[in-house]
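Quick notes on the structure that follows.
Residue numbers (full-length UniProt numbering): 1 to 285.
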(Lines of atoms letter the chains of each structure in order from A and count residues from 1; the text may use other names and numbers.)
(Lines give C-alpha, C1' and ligand atoms only; values in the text may rest on other atoms or scores of the structure.)
Protein backbone atom coordinates (compact mmCIF):
# COMPACT_ATOMS: atom_id res chain seq x y z
CA UNK A 1 0.00 0.00 0.00
CA UNK A 2 2.77 2.30 1.02
CA UNK A 3 4.60 1.32 -2.14
CA UNK A 4 1.60 2.22 -4.27
CA UNK A 5 1.29 5.64 -2.67
CA UNK A 6 4.97 6.29 -3.09
CA UNK A 7 4.70 5.31 -6.75
CA UNK A 8 1.67 7.48 -7.41
CA UNK A 9 3.24 10.68 -6.06
CA UNK A 10 5.97 10.94 -8.68
CA UNK A 11 3.47 9.99 -11.37
CA UNK A 12 1.15 12.75 -10.30
CA UNK A 13 3.98 15.23 -10.16
CA UNK A 14 5.07 14.14 -13.62
CA UNK A 15 1.57 14.65 -14.92
CA UNK A 16 1.45 18.07 -13.39
CA UNK A 17 4.78 18.92 -14.97
CA UNK A 18 3.56 17.72 -18.36
CA UNK A 19 0.38 19.76 -17.98
CA UNK A 20 2.36 22.80 -16.91
CA UNK A 21 4.75 22.38 -19.83
CA UNK A 22 1.91 21.99 -22.32
CA UNK A 23 0.09 24.96 -20.82
CA UNK A 24 3.24 27.04 -20.84
CA UNK A 25 3.91 26.04 -24.42
CA UNK A 26 0.41 27.03 -25.45
CA UNK A 27 0.72 30.35 -23.67
CA UNK A 28 4.11 30.91 -25.25
CA UNK A 29 2.72 30.13 -28.68
CA UNK A 30 -0.19 32.47 -28.06
CA UNK A 31 2.20 35.18 -26.87
CA UNK A 32 4.41 34.66 -29.92
CA UNK A 33 1.40 34.69 -32.22
CA UNK A 34 0.11 37.83 -30.54
CA UNK A 35 3.53 39.45 -30.84
CA UNK A 36 3.77 38.39 -34.48
CA UNK A 37 0.35 39.84 -35.29
CA UNK A 38 1.20 42.98 -33.34
CA UNK A 39 4.38 43.38 -35.34
CA UNK A 40 2.56 42.64 -38.58
CA UNK A 41 -0.12 45.21 -37.78
CA UNK A 42 2.56 47.72 -36.84
CA UNK A 43 4.36 47.02 -40.10
CA UNK A 44 1.14 47.47 -42.04
CA UNK A 45 0.34 50.64 -40.13
CA UNK A 46 3.84 51.92 -40.86
CA UNK A 47 3.43 51.02 -44.53
CA UNK A 48 0.16 52.92 -44.67
CA UNK A 49 1.81 55.88 -42.95
CA UNK A 50 4.70 55.71 -45.41
CA UNK A 51 2.31 55.63 -48.35
CA UNK A 52 0.37 58.51 -46.89
CA UNK A 53 3.56 60.48 -46.28
CA UNK A 54 4.84 59.77 -49.79
CA UNK A 55 1.47 60.77 -51.23
CA UNK A 56 1.55 64.02 -49.28
CA UNK A 57 5.14 64.61 -50.32
CA UNK A 58 4.12 63.98 -53.91
CA UNK A 59 1.27 66.43 -53.59
CA UNK A 60 3.54 68.99 -51.90
CA UNK A 61 6.10 68.50 -54.67
CA UNK A 62 3.57 68.76 -57.48
CA UNK A 63 1.56 71.64 -56.05
CA UNK A 64 4.27 74.24 -56.85
CA UNK A 65 4.36 72.78 -60.36
CA UNK A 66 0.76 73.83 -60.79
CA UNK A 67 1.78 77.36 -59.84
CA UNK A 68 4.59 77.29 -62.39
CA UNK A 69 2.28 76.00 -65.10
CA UNK A 70 -0.29 78.64 -64.25
CA UNK A 71 2.36 81.35 -64.47
CA UNK A 72 3.51 79.96 -67.81
CA UNK A 73 -0.04 79.88 -69.11
CA UNK A 74 -0.56 83.45 -67.92
CA UNK A 75 2.56 84.61 -69.78
CA UNK A 76 1.53 82.74 -72.93
CA UNK A 77 -1.88 84.40 -72.78
CA UNK A 78 -0.29 87.83 -72.34
CA UNK A 79 2.17 87.24 -75.20
CA UNK A 80 -0.52 85.89 -77.50
CA UNK A 81 -2.82 88.80 -76.80
CA UNK A 82 0.00 91.26 -77.47
CA UNK A 83 0.96 89.56 -80.73
CA UNK A 84 -2.59 89.45 -82.05
CA UNK A 85 -3.02 93.13 -81.15
CA UNK A 86 0.22 94.29 -82.77
CA UNK A 87 -0.19 92.10 -85.86
CA UNK A 88 -3.89 92.93 -86.36
CA UNK A 89 -4.73 89.25 -86.63
CA UNK A 90 -8.27 87.94 -86.58
CA UNK A 91 -10.28 87.36 -83.42
CA UNK A 92 -9.97 83.60 -83.79
CA UNK A 93 -6.91 83.86 -81.56
CA UNK A 94 -8.74 84.54 -78.32
CA UNK A 95 -6.31 85.03 -75.47
CA UNK A 96 -8.69 87.09 -73.36
CA UNK A 97 -9.89 84.12 -71.32
CA UNK A 98 -8.07 84.01 -67.97
CA UNK A 99 -6.20 80.86 -66.96
CA UNK A 100 -8.78 78.44 -65.60
CA UNK A 101 -6.95 77.86 -62.34
CA UNK A 102 -5.78 81.37 -61.67
CA UNK A 103 -2.71 83.42 -62.43
CA UNK A 104 0.82 83.38 -61.04
CA UNK A 105 -0.17 85.55 -58.08
CA UNK A 106 -2.08 82.60 -56.60
CA UNK A 107 -0.15 81.22 -53.59
CA UNK A 108 -0.51 77.57 -52.70
CA UNK A 109 -0.24 76.77 -49.03
CA UNK A 110 0.98 73.54 -47.53
CA UNK A 111 -1.76 70.92 -47.47
CA UNK A 112 -3.63 72.66 -50.26
CA UNK A 113 -6.53 70.25 -50.04
CA UNK A 114 -5.79 68.50 -53.34
CA UNK A 115 -6.24 64.79 -53.45
CA UNK A 116 -3.83 62.83 -55.58
CA UNK A 117 -6.39 62.27 -58.34
CA UNK A 118 -7.53 65.90 -58.27
CA UNK A 119 -3.92 67.02 -58.52
CA UNK A 120 -3.31 64.90 -61.59
CA UNK A 121 -6.53 66.17 -63.18
CA UNK A 122 -5.43 69.76 -62.55
CA UNK A 123 -2.01 69.10 -64.08
CA UNK A 124 -3.50 67.36 -67.11
CA UNK A 125 -5.92 70.25 -67.64
CA UNK A 126 -3.15 72.83 -67.42
CA UNK A 127 -0.88 70.89 -69.75
CA UNK A 128 -3.66 70.60 -72.30
CA UNK A 129 -4.38 74.34 -72.19
CA UNK A 130 -0.68 75.17 -72.47
CA UNK A 131 -0.37 72.92 -75.52
CA UNK A 132 -3.34 74.71 -77.08
CA UNK A 133 -1.75 78.11 -76.41
CA UNK A 134 1.56 76.94 -77.84
CA UNK A 135 -0.16 75.71 -80.99
CA UNK A 136 -1.89 79.07 -81.35
CA UNK A 137 1.40 80.92 -80.86
CA UNK A 138 3.18 78.70 -83.37
CA UNK A 139 0.46 79.46 -85.91
CA UNK A 140 0.73 83.18 -85.16
CA UNK A 141 4.51 82.99 -85.55
CA UNK A 142 4.07 81.24 -88.88
CA UNK A 143 1.59 83.88 -90.05
CA UNK A 144 3.88 86.71 -88.96
CA UNK A 145 6.90 85.06 -90.58
CA UNK A 146 5.03 84.52 -93.84
CA UNK A 147 3.66 88.05 -93.73
CA UNK A 148 7.13 89.46 -93.09
CA UNK A 149 8.57 87.37 -95.92
CA UNK A 150 5.78 88.44 -98.26
CA UNK A 151 6.41 92.07 -97.36
CA UNK A 152 10.14 91.69 -97.95
CA UNK A 153 9.92 89.93 -101.32
CA UNK A 154 7.37 92.50 -102.46
CA UNK A 155 9.21 94.32 -105.26
CA UNK A 156 9.03 98.08 -104.89
CA UNK A 157 11.09 101.21 -105.43
CA UNK A 158 14.06 102.12 -107.58
CA UNK A 159 17.25 100.03 -107.81
CA UNK A 160 19.36 103.11 -107.03
CA UNK A 161 19.80 105.49 -104.13
CA UNK A 162 20.52 108.49 -106.35
CA UNK A 163 20.12 109.09 -110.06
CA UNK A 164 17.50 109.48 -112.76
CA UNK A 165 15.70 107.41 -115.39
CA UNK A 166 17.53 107.72 -118.69
CA UNK A 167 15.55 105.24 -120.82
CA UNK A 168 12.05 103.78 -120.31
CA UNK A 169 10.64 100.31 -120.88
CA UNK A 170 9.30 99.47 -124.34
CA UNK A 171 9.99 100.57 -127.89
CA UNK A 172 12.89 102.97 -128.45
CA UNK A 173 15.70 103.83 -130.86
CA UNK A 174 18.72 101.61 -130.32
CA UNK A 175 21.55 103.83 -128.97
CA UNK A 176 24.10 102.12 -131.21
CA UNK A 177 22.23 101.53 -134.47
CA UNK A 178 19.45 104.11 -134.28
CA UNK A 179 16.93 101.50 -135.40
CA UNK A 180 13.68 100.84 -133.57
CA UNK A 181 14.15 98.19 -130.90
CA UNK A 182 12.46 96.82 -127.84
CA UNK A 183 13.88 97.72 -124.45
CA UNK A 184 12.94 95.16 -121.79
CA UNK A 185 13.88 97.24 -118.79
CA UNK A 186 14.50 100.73 -117.44
CA UNK A 187 17.87 102.46 -117.46
CA UNK A 188 18.89 104.60 -114.48
CA UNK A 189 21.88 106.89 -114.87
CA UNK A 190 24.01 108.14 -112.01
CA UNK A 191 27.53 108.60 -110.74
CA UNK A 192 30.05 105.88 -111.40
CA UNK A 193 30.35 103.41 -108.51
CA UNK A 194 27.19 104.69 -106.84
CA UNK A 195 25.19 102.01 -105.04
CA UNK A 196 22.81 99.67 -106.84
CA UNK A 197 20.31 98.14 -104.42
CA UNK A 198 17.93 95.17 -104.38
CA UNK A 199 14.29 96.13 -104.82
CA UNK A 200 13.02 93.11 -102.87
CA UNK A 201 14.24 90.24 -100.74
CA UNK A 202 15.39 87.10 -102.47
CA UNK A 203 18.26 84.82 -103.41
CA UNK A 204 21.07 85.82 -105.74
CA UNK A 205 20.98 83.26 -108.54
CA UNK A 206 23.52 84.92 -110.84
CA UNK A 207 26.43 87.29 -110.27
CA UNK A 208 28.84 87.30 -113.18
CA UNK A 209 29.38 88.58 -116.72
CA UNK A 210 26.83 87.82 -119.43
CA UNK A 211 27.25 89.17 -122.96
CA UNK A 212 25.81 92.63 -123.55
CA UNK A 213 24.62 92.86 -119.93
CA UNK A 214 28.21 93.08 -118.78
CA UNK A 215 28.45 92.43 -115.05
CA UNK A 216 24.98 91.22 -114.11
CA UNK A 217 23.17 90.32 -110.89
CA UNK A 218 19.93 88.33 -110.90
CA UNK A 219 17.75 87.91 -107.82
CA UNK A 220 15.02 85.31 -107.52
CA UNK A 221 12.18 86.64 -105.35
CA UNK A 222 9.96 83.58 -105.55
CA UNK A 223 6.44 83.34 -106.94
CA UNK A 224 7.87 83.60 -110.45
CA UNK A 225 9.56 86.99 -109.96
CA UNK A 226 13.17 87.73 -110.91
CA UNK A 227 15.00 91.07 -111.11
CA UNK A 228 18.09 91.93 -113.17
CA UNK A 229 20.71 94.62 -112.56
CA UNK A 230 23.14 95.01 -115.47
CA UNK A 231 26.27 96.97 -116.54
CA UNK A 232 27.71 96.97 -112.98
CA UNK A 233 31.25 98.04 -112.27
CA UNK A 234 31.59 95.65 -109.35
CA UNK A 235 29.66 93.04 -107.35
CA UNK A 236 28.75 93.30 -103.69
CA UNK A 237 27.02 89.92 -103.61
CA UNK A 238 27.71 86.40 -104.84
CA UNK A 239 25.57 83.58 -106.14
CA UNK A 240 23.62 81.98 -103.29
CA UNK A 241 23.52 85.09 -101.10
CA UNK A 242 20.24 86.01 -99.45
CA UNK A 243 19.46 89.71 -99.74
CA UNK A 244 16.84 92.04 -98.30
CA UNK A 245 15.23 95.03 -99.95
CA UNK A 246 17.66 97.95 -99.88
CA UNK A 247 20.82 95.82 -99.67
CA UNK A 248 23.66 97.04 -101.86
CA UNK A 249 24.28 94.39 -104.51
CA UNK A 250 26.73 96.20 -106.78
CA UNK A 251 28.20 99.47 -108.03
CA UNK A 252 26.93 101.38 -111.03
CA UNK A 253 29.17 101.27 -114.07
CA UNK A 254 29.33 100.74 -117.83
CA UNK A 255 30.27 97.15 -118.54
CA UNK A 256 28.89 95.26 -121.54
CA UNK A 257 26.95 97.01 -124.29
CA UNK A 258 26.40 100.53 -122.99
CA UNK A 259 27.12 104.16 -123.82
CA UNK A 260 27.63 105.53 -120.31
CA UNK A 261 27.35 104.91 -116.59
CA UNK A 262 23.96 103.49 -115.70
CA UNK A 263 22.16 100.39 -114.42
CA UNK A 264 19.80 98.45 -116.66
CA UNK A 265 16.94 97.21 -114.46
CA UNK A 266 14.53 94.43 -115.47
CA UNK A 267 11.65 92.64 -113.77
CA UNK A 268 10.66 89.23 -115.10
CA UNK A 269 7.41 87.47 -114.22
CA UNK A 270 7.47 83.76 -115.09
CA UNK A 271 10.31 84.41 -117.52
CA UNK A 272 8.69 87.35 -119.34
CA UNK A 273 9.82 90.96 -118.95
CA UNK A 274 7.22 93.32 -117.50
CA UNK A 275 7.26 97.11 -117.25
CA UNK A 276 9.07 97.99 -113.99
CA UNK A 277 7.34 101.39 -113.77
CA UNK A 278 4.36 100.22 -111.74
CA UNK A 279 6.71 98.41 -109.32
CA UNK A 280 9.03 101.39 -109.05
CA UNK A 281 6.20 103.77 -108.27
CA UNK A 282 4.52 101.68 -105.59
CA UNK A 283 5.48 102.07 -101.96
CA UNK A 284 7.08 99.29 -99.98
CA UNK A 285 4.74 97.69 -97.40
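All residues carry an ideal CB built from backbone N, CA and C; glycine is no exception.
Boundaries of the beta strand (DSSP E) around residue 269: 262 to 269. Judged by DSSP in its simplified three-state form, residue 248 adopts strand. At the C-beta level, residue 256 and residue 213 come within 8 angstroms of one another. In this structure residue 241 is not in contact with residue 277, their Cβ atoms being roughly 27 angstroms apart against a cut-off of 8 angstroms.
Rounded to whole angstroms, the separation of the alpha carbons of residue 131 and residue 268 is 44 angstroms. Residue 64 and residue 125 have their C-alpha atoms spaced approximately 15 angstroms apart. In the three-state scheme derived from DSSP, where H, G and I count as helix and E and B as strand, residue 194 is classed as coil. A direct Cα-to-Cα measurement between residue 282 and residue 129 gives close to 44 angstroms. Closest in C-alpha terms to residue 215, from the list 166, 199, 261, 224, comes 261.
Around the beta-carbon of residue 222, fewer than 16 other beta-carbon atoms lie within 10 Å, marking it exposed. Sorting 121, 158, 68 by C-alpha distance to the C-alpha of residue 245 places 158 at the top. Listed in chain order, the non-local C-beta contacts of residue 170 below 8 angstroms within the same chain comprise 182, 183, 275, local neighbours out to five positions each way being set aside. Shown here for residue 258: same chain residues with a beta carbon closer than 6 angstroms to its own, the five before and five after excluded, namely 231 in chain order.
Annotation for residue 172: 181, 183 place their beta carbon closer than 7 angstroms to its own, counting only its chain and skipping 5 residues before and after. Around the C-beta of residue 120, fewer than 16 other C-beta atoms lie within 10 Å, and the residue is accordingly described as exposed. Per DSSP, residue 237 is not a residue of any alpha helix (DSSP H), being assigned neither H nor E.
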